[in-house]
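Step one of this worksheet: look at the structure below.
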Amino acid sequence: MFLALERIILLGWEKFSRDKSSTWAALIVTAVVVFMFSSLLFLQGVSVFLLSRLENSVDVSVYFAQDASEEDILAFKERLLPVPEVKDAVYISKDKALEEFVALHKNDQFIVDALETIGTNPLLASLNILAKDPGQYPKIAQFLEQEAFSGIVERVDYKDRQNVIQRMEELTKGIRLVVLIVSVGLAFIAVLVAFNTIRLTIYNSRDEIEVMRLVGASNSFIQGPFVVQGIVVGVFGGLLTFLFLFFLSWFAGPRFESFLSGFNLFEYFTSHVFLFLALEFGVGIGLGVVSSVVAIQKYLRI
Numbered sequence: 003m004f005l006a007l008e009r010i011i012l013l014g015w016e017k018f019s020r021d022k023s024s025t026w027a028a029l030i031v032t033a034v035v036v037f038m039f040s041s042l043l044f045l046q047g048v049s050v051f052l053l054s055r056l057e058n059s060v061d062v063s064v065y066f067a068q069d070a071s072e073e074d075i076l077a078f079k080e081r082l083l084p085v086p087e088v089k090d091a092v093y094i095s096k097d098k099a100l101e102e103f104v105a106l107h108k109n110d111q112f113i114v115d116a117l118e119t120i121g122t123n124p125l126l127a128s129l130n131i132l133a134k135d136p137g138q139y140p141k142i143a144q145f146l147e148q149e150a151f152s153g154i155v156e157r158v159d160y161k162d163r164q165n166v167i168q169r170m171e172e173l174t175k176g177i178r179l180v181v182l183i184v185s186v187g188l189a190f191i192a193v194l195v196a197f198n199t200i201r202l203t204i205y206n207s208r209d210e211i212e213v214m215r216l217v218g219a220s221n222s223f224i225q226g227p228f229v230v231q232g233i234v235v236g237v238f239g240g241l242l243t244f245l246f247l248f249f250l251s252w253f254a255g256p257r258f259e260s261f262l263s264g265f266n267l268f269e270y271f272t273s274h275v276f277l278f279l280a281l282e283f284g285v286g287i288g289l290g291v292v293s294s295v296v297a298i299q300k301y302l303r304i
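Sequential numbering of the sequence shown, starting at 3, is according to the numbering used here.
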C-alpha cells in the first residue's frame, strides 16, 4: 500500500515537472483564481470598513433641559447604555457644545456678536447615540421619548434625521447585496476557467491514460498522479499568490490609504495573514484536486 502510494506521488511529481507547458498554464490559471478569491477577501474587508464608517457618521442626539445637572445626565447615560440596540453614547456638555459651536462659526461675525450679546450659554447638553445597526434607531428613539424622561429630556432629533438614516440603511443593504453578487459571480467564473484549464491538461495525457488502462492499472492508480499534480499546482499557486499579495499590499497599502478613507491594505493583510494562507492554499489545493478528480472520470469509464 505504502509502495503504491509512493509510486503515485513520484509519478505525480514527474508529471508536474515534465509537462511544462500544461503545468505552467494550470499553475498560472490557479494562481489567478486564488488571487481573485483573495481579492474578494480584500473587497469584503474594505466594504465592511467603509460601511462601518458610513454607519458611524449618522447618529441620534438627545438634548437635555437647561436645568438638568451633569450628574443626572450621566445617570441617564448609564440607563441608556444597557439598551440592546445602543452601541455607544457620547456625552457633550454645554461648555463643550459652545466651544465646538464657536470654533465652527468663528468666521461668522454675526453669530459671534450674537453670542456676546446674549452673554450666557444658550446651548444644551446632549448625548450623541450610535446604534449597532441603522435599522435600530426607531427603537432607541422610542426609549428616549418615554414619559419617565420628560423632566430631563428637552428633545430628541430622530425625526429630523429619520430620512437620512433610512436612506443610509437602504444604501448599506444595497452595497452589501452588490458585493455579494459580484463575489459569487467572480468566484463562479474563476472556478469554471480553472476547471477547464486542468481538464485540458488531463486531455493532453489521454494517450498515457489509455496505455495505463490497457496494461491493467487500477482506476485509483491512474487517477492518483493527476490528483498529486493538482495538489502540487495548488500549493505553488497558493504560494505565488501569497507572496504577490504580500508585496502588492505592502507597496499599495500606504499609497491607497487616503483614497480608502483610512483603510490600509497591508495592515489588513498582516492582521488576517492566517486567513489569507488558509484561503489561498485551501482554494488552490481544493481546486486542483476536485478539478483533477472530476475531469479524469471521463477517461476511467469502461
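We put the beta carbon where it would ideally sit given N, CA and C, even for glycine. What you are looking at is a predicted structure, and each value in this text was computed from that prediction instead of being measured.
In chain order, which continuous runs of the beta strand (DSSP E) of length 3 or greater are located wholly inside the region 82-166? For the region 82-166, whole beta strand (DSSP E) runs of length 3 or above, ordered along the chain, are 88-94, 128-133 and 155-158.
Buried or exposed by the 16-neighbour rule on C-beta atoms within 10 Å, applied to Pro86: Counting from one through the sequence shown, the residue named residue 86 turns up at place 84. The residue is exposed, with fewer than 16 neighbouring Cβ atoms inside 10 Å.
Alpha helix (DSSP H) containing Phe244: first to last residue? The residue you call residue 244 lines up with position 242 of the sequence shown. Residues Asn221 to Phe258.
Nearest neighbour of Phe246, chosen from Val36, Ser23, Ser19 and Arg20 [CA to CA]: Here residue 246 corresponds to residue number 244 of the sequence shown, with the count starting at 1. Answer by Cα proximity: Val36.
Ignore the nearest five residues each way along the sequence and tell me which others in Ala99's own chain have a CB closer than 6 Å to its CB. Position 97 of the sequence shown, counting from 1, holds the residue named residue 99. For Ala99, same chain residues with a beta-carbon under 6 Å away, outside a window of 5 residues either side, are Leu125 in chain order.
Counting C-beta neighbours from all protein chains within 10 Å, is the total for Asp69 16 or more, i.e. buried, or is it exposed? For this step, residue 69 is matched to residue 67 along the sequence shown. Label assigned to Asp69: exposed.
List the DSSP bridge partners of Tyr65. On the sequence shown, position 63 is the one that residue 65 refers to. The partner list for Tyr65 (beta bridge, DSSP) reads Ser128 and Arg157.
Measuring only the C-alpha atoms, how far is Gln138 from Gly236? Taking the first residue of the sequence shown as 1, we reach residue 138 at position 136. Taking the first residue of the sequence shown as 1, we reach residue 236 at position 234. Here the alpha carbon of Gln138 sits roughly 45 Å from the alpha carbon of Gly236.
Measure the alpha-carbon distance for Pro136 versus Met170 and round it to whole angstroms. The residue you call residue 136 lines up with position 134 of the sequence shown. The residue you call residue 170 lines up with position 168 of the sequence shown. Put simply, the backbone Cα of Pro136 is about 8 Å away from that of Met170.
Could you tell me the distance, in whole angstroms, from the CA atom of Ala280 to the CA atom of Gln299? The count along the sequence shown starts at 1 and reaches residue 280 at position 278. The count along the sequence shown starts at 1 and reaches residue 299 at position 297. Rounded to the nearest angstrom, the two C-alpha atoms are 28 Å apart.
According to DSSP, is Asn198 helix, strand or coil? On the sequence shown, residue 198 is found 196 positions in, with the first residue counted as 1. Three-state DSSP puts Asn198 in a helix.
Same chain only: Cβ atoms within 6 Å of Ile304, ignoring 5 sequence neighbours per side: On the sequence shown, residue 304 is found 302 positions in, with the first residue counted as 1. Legend: pLDDT at Ile304 = 48, less than 50; position of this residue unreliable, value from coordinates given subsequently. So the list is empty, once near-sequence residues are dropped.
Closest Cα partner of Leu291 within the set Arg20, Thr32 and Ala27: Residue 291 sits at position 289 when you count from the first residue of the sequence shown. The residue asked about is misnamed: residue 291 is Val in this sequence, not Leu. Residue Thr32 is the option with its Cα nearest to Val291.
Contacts around Ile75, its chain only, beta-carbon distance under 7 Å, and the 5 residues preceding and following it disregarded: As a position in the sequence shown, residue 75 is number 73, starting the count at 1. Once the five neighbours on either side are set aside, the close Cβ partners of Ile75 are Phe66, Tyr93 and Ala127.
Using 8 Å as the threshold, is the C-beta distance between Ile131 and Val166 below it? Reading the sequence shown from its first residue, position 129 is the one you call residue 131. Reading the sequence shown from its first residue, position 164 is the one you call residue 166. No, they are not a contact pair.
How about the region 115-122 and the region 52-64: do they share at least three Cβ pairs that are nearer than 8 Å? Contact fails between the region 115-122 and the region 52-64, because fewer than three Cβ pairs, one in each stretch, are under 8 Å apart.
Measure the beta-carbon distance from Thr64 to Leu146 and round it to whole angstroms, keeping in mind my assumption that it falls under 8 Å. Along the sequence shown, read from residue 1 onward, the residue named residue 64 stands at position 62. Along the sequence shown, read from residue 1 onward, the residue named residue 146 stands at position 144. Checking the sequence shown, residue 64 turns out to be Val, not Thr. Yes, they are in contact, since the Cβ atoms of Val64 and Leu146 sit about 5 Å apart, within 8 Å.
Grab me the residues of Phe244's own chain with a C-beta within less than 7 Å of its C-beta, minus the 5 sequence neighbours each way, in chain order. As a first step, residue 244 must be located in the sequence shown, where it is residue number 242. Closer than 7 Å at Cβ, skipping near neighbours: Phe278, Leu279 and Glu282.
Where does Ala280 fall in DSSP's three states? For this step, residue 280 is matched to residue 278 along the sequence shown. Correct three-state label for Ala280: helix.
I need the straight-line Cα distance from Asn381 to Gln111, nearest angstrom please. Residue 381 is absent from the structure shown; the chain starts at 3 and stops at 304.
Within 10 Å of its beta-carbon, does Leu179 have 16 or more other beta-carbons around it, so buried, or fewer, so exposed? Walking along the sequence shown from the start, residue 179 turns up at place 177. Its Cβ having fewer than 16 others within 10 Å, Leu179 is exposed.
Extent of the continuous alpha helix (DSSP H) run through Ser24: Indexing the sequence shown from 1 puts residue 24 at position 22. Ser24 -> alpha helix (DSSP H) spans Lys22 to Asn58.
DSSP state of Ala189, grouped into three classes? Your numbering for residue 189 matches position 187 in the sequence shown. DSSP places Ala189 in helix when its eight states are reduced to three.
Boundaries of the alpha helix (DSSP H) in which Val217 is found, first to last residue: In the sequence shown, the residue the question calls residue 217 occupies position 215. That residue, Val217, is in no alpha helix (DSSP H); it is neither H nor E in DSSP.
Which residue's Cα is closest to the Cα of Trp26: Thr203, Val296 and Thr174? On the sequence shown, position 24 is the one that residue 26 refers to. Among Thr203, Val296 and Thr174, the Cα nearest to that of Trp26 belongs to Thr203.
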